[in-house]
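Data first, discussion second: the structure below is written as structure tokens.
Number of protein chains: 2
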Amino acid sequence: MATIKDVAKHADLSVATVSRYLNNHPYISEEKRKRIKNAMEELDYTPSLVATQLRSKKGTMIGILVSRITNPFFSYLVDSIEKQAKSNGYTILIMQTYDDQDAEAKMLELLKQQVISGLIMCSIETDSQTIELYREYGPIVLCNVPLPDSDIPQIVTDQEQATYEAVNYLIDSGYKKIAYCTGGNLTASGHGSARTKGFERALVTANLITKKEWVFKQVHSIDDGKLVAEKILQLPKDLQPDAIFTSSDLVASGIIEVMTKHQKKVPDFLAVMGFDNQPFSSLLSIPLTTIAQPVEALGVESTNLMISLLEGKSYHVDQSKLILQLIKRESA
Amino acid sequence: MATIKDVAKHADLSVATVSRYLNNHPYISEEKRKRIKNAMEELDYTPSLVATQLRSKKGTMIGILVSRITNPFFSYLVDSIEKQAKSNGYTILIMQTYDDQDAEAKMLELLKQQVISGLIMCSIETDSQTIELYREYGPIVLCNVPLPDSDIPQIVTDQEQATYEAVNYLIDSGYKKIAYCTGGNLTASGHGSARTKGFERALVTANLITKKEWVFKQVHSIDDGKLVAEKILQLPKDLQPDAIFTSSDLVASGIIEVMTKHQKKVPDFLAVMGFDNQPFSSLLSIPLTTIAQPVEALGVESTNLMISLLEGKSYHVDQSKLILQLIKRESA
DNA sequence: ATTGTTTATGAAATCGATATCATAAATTAT
DNA sequence: ATAATTTATGATATCGATTTCATAAACAAT
């Protein structure tokens, strides 16, 4: 690999001049410009990002933290972020946490070490104080994971209201025993809690009660959904819910699969509300009633915000596109 | 941020000794060991990855190239790779190419620049010679994208045979006018070509013909699938295929959606063969007949191979798990 | 007692870039 | 004509680690 030294030698100039050329400084004669350019081409030179970063502390890499890339909500979100970042000259580094604090910590370390210059967190495990500690090393943007009591820049949607409306829809449809799934554990401050609030508000407003047997934590995947369904089926008849609000379409699909296998009709036996409106959700044997998230906009806005933070500009978040929408189909 | 210098000063030792401590060199007295450890803790010191990399040329970052992360096949593959890499102390950098040569080139540049120490390519756009050029900068492993005429380390599955068997299954079921979708463009050397070979072999063996109206290139997504379906429906009746081999379950779903909307029964009007056996494929209104890929094993094997290459060890690929399997359901 | 190893440490060069300081020539201002 | 600026370039210190070389005890061998 050719280095800046080689280029300098080859062009019979100092490294300083070559460095100036690289950074578009003024005061380089047209003639030397050409000599440098030629030397670079002849030597097939590319500046070392590592060395540049060590010296200048400026980077072009943005980290993204998601809990699971296999969840289409996140893969589409990542997709959106990546497109937006790439078109602005930034590169993306993705890491999954699998709800693991240590993984999240590792990513924050990468920020501290300037491997990444900024971090977009689309999932969160640690408390806000810990995250605050890392803000001095580079901008952190929260994407769709509200952290109350914190002034970390965030792109938010109103998960509370959307959940409220969705559960209200269930209630209006006549369901009274509504179960609830969350990806979190109910204690954490992740966005689960906003949904939980909306859920509870709807129940309270309608004067309905919930039972602890109807609450399922840490459910993420199709398989988790299957487990939930099995548990429901094992409940005594009078304790069985007649509807369930799930944390994602993945979970909803798993529940429906098991119910169908046991000849329990959805939504007659159990109404199932999804979340995310994934591409396949309309194509299932029982098309999902679900809540669509503005994935595209979430990605664009959080990336724009991140870039403006990195470049010291200001950015006004366009909240108008960050709207959740209830999509009524057949599962509830 | 504390540096190695600060630690040295704080422990009243030289940077060299601290560096030795960091790298587990022998010949450091127990007493200084403790002093260094204490100093590090007090200063909350973390070695700079960037600086370490600049000096030692060794890194812990592995790049992954996929064409689209939103395709579940790739997101599950990435998931598998990430798990395996993480458990060995490596970090993953993911980039999407969207079939774009330039994106691929950018990732190869990251290898040249030692931002990543190795690259796992799960999709490929460039020709083998170009890729060869970058091998001097770090190991490159091809994952499920056969490049013939190349000795780049690769993890392969027999896409040709699997396709052959799947198409044979269609033929045995009585279909004679079989259409074909590919993610590539038929000219490239990607894994599309292996499938194409298998497809053609099955047709030739059965003495069937294909028509250029039945060949669809560059189809990847659900939307691409819808387009294909529309095109088929616009064909004159006698030119319409009675079965279609698709490049992914995503495409298959899109086709089925449009067919269903036009009251054309699948598989009676058109049998649809998927590819990938995605988690939702069994849950669709018409469960997909498809080919399961050993995603998990592909990830594990390619990562193990990469790590052994990175660490100068040898690794024997366990081919026994890299088996494709035809899964018969209802769509064909 | 003298030489040869082993153990333990520090000084300084190095990796490949950037940034500061110094300097010299060319240009403009007084 | 001299001073002040602008333009153009090079030397060199620096970023934060690793690594080589040198050195000095401590211990063993002759």
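Which chain is which? The protein sequence lines are A and B, in order.
Just so you know, the numbering used here puts 165 at position 142 of the first sequence, and the rest follows in order with no gaps.
Just so you know, the numbering used here puts 169 at position 146 of the second sequence, and the rest follows in order with no gaps.
For each residue, glycine too, the CB sits at the ideal point set by N, CA and C.
- For the region 122-155 of chain A, the beta-carbon criterion of a distance under 7 Å to any beta-carbon of chain B is satisfied by Glu132, Lys135, Gln136, Gln137 and Val138.
- For valine 101/A, a Cβ of chain B is located within less than 7 Å of the residue's own Cβ.
- Residues of chain B whose Cβ lies closer than 7 Å to the Cβ of alanine 74/A are, in chain order, Leu77.
- The C-beta separation of alanine 294/B from isoleucine 255/B comes to about 12 Å, leaving the pair out of contact by the 8 Å criterion.
- DSSP lists Leu88/A as the beta-bridge partner residues of methionine 118/A.
- For threonine 93/B, the nearest CB of chain A lies under 7 Å from its own CB, placing it at the interface with that chain.
- Annotated three-state conformation of methionine 24/A is coil, per DSSP.
- About 6 Å separates the beta carbon of methionine 118/A from that of leucine 88/A, a gap short enough to meet the 8 Å contact definition.
- In this structure, DSSP gives isoleucine 255/B a helical state, which the three-state scheme calls helix.
- When the beta-carbon positions are compared, arginine 224/B and tyrosine 187/B come within less than 7 Å of each other.
- Contact of phenylalanine 303/B with chain A is assigned, a C-beta pair being separated by under 7 Å.
- Taking 7 Å as the CB threshold, glutamate 105/B lines the interface with chain A.
- Within chain A, not a single residue places a beta-carbon under 8 Å from that of serine 173/B; the smallest gap is close to 22 Å.
- Setting aside the 5 residues that flank it on each side, tyrosine 192/B is surrounded in the same chain by Leu349, each with a C-beta closer than 7 Å to its C-beta; the list follows chain order.
- Each residue's CA atom was taken as its position, placing valine 281/A and isoleucine 59/B some 58 Å apart.
- Secondary structure at threonine 219/A: helix, using DSSP grouped into helix, strand and coil.
- In the DSSP assignment, alanine 266/B falls outside any alpha helix (DSSP H) and within the unbroken beta strand (DSSP E) covering 266-268.
- Within 10 angstroms of the beta-carbon of aspartate 102/B lie 16 or more other beta-carbons, which makes it buried.
- Judged by DSSP in its simplified three-state form, glutamine 348/B adopts strand.
- Residue contact check for glutamate 253/A against chain B: no CB pair falls below 7 Å.
- Between the region 119-128 of chain A and the region 136-144 of chain B there are fewer than three C-beta pairs closer than 8 Å, too few to call the two in contact.
- Of all residues in the region 306-328 of chain A, only Leu306, Leu307 and Ser308 come within less than 7 Å of chain B when Cβ atoms are compared, listed by chain position.
- Taken through DSSP and simplified to helix, strand or coil, tyrosine 50/A comes out as coil.
- Excluding five sequence positions before and after isoleucine 194/B, the CB atoms of its chain that fall closer than 6 Å to its own CB belong to Ala229, given in chain order.
- Classified as buried, isoleucine 314/A has 16 or more neighbouring CB atoms from the shown chains inside 10 Å of its CB.
- Along the length of the region 34-79 of chain A, whole beta strand (DSSP E) runs at least 3 residues long do not occur.
- For aspartate 299/B, the three-state secondary structure derived from DSSP is strand.
- Its chain contains Tyr44 as the residues whose beta carbon lies nearer than 8 Å to that of arginine 56/B, once the 5 sequence neighbours on both sides are disregarded; these appear in chain order.
- For leucine 333/A, the three-state secondary structure derived from DSSP is helix.
- Contact residues of the region 240-266 of chain B toward chain A are Ile245 (C-beta to C-beta distance below 7 Å).
- Annotation: Cβ neighbours of glutamate 280/A in chain B (cutoff 7 Å, chain order): Leu306.
- Leucine 333/B is outside the set of residues whose beta carbon lies under 7 Å from a beta carbon in chain A.
- Serine 271/B is outside the set of residues whose beta carbon lies under 7 Å from a beta carbon in chain A.
- Under the three-state reduction of DSSP, valine 190/B is assigned to helix.
- Tyrosine 203/B has Val238/B and Phe268/B as its beta-bridge partners, per DSSP.
- With a threshold of 16 other beta carbon atoms within 10 Å, proline 169/A meets it and is buried.
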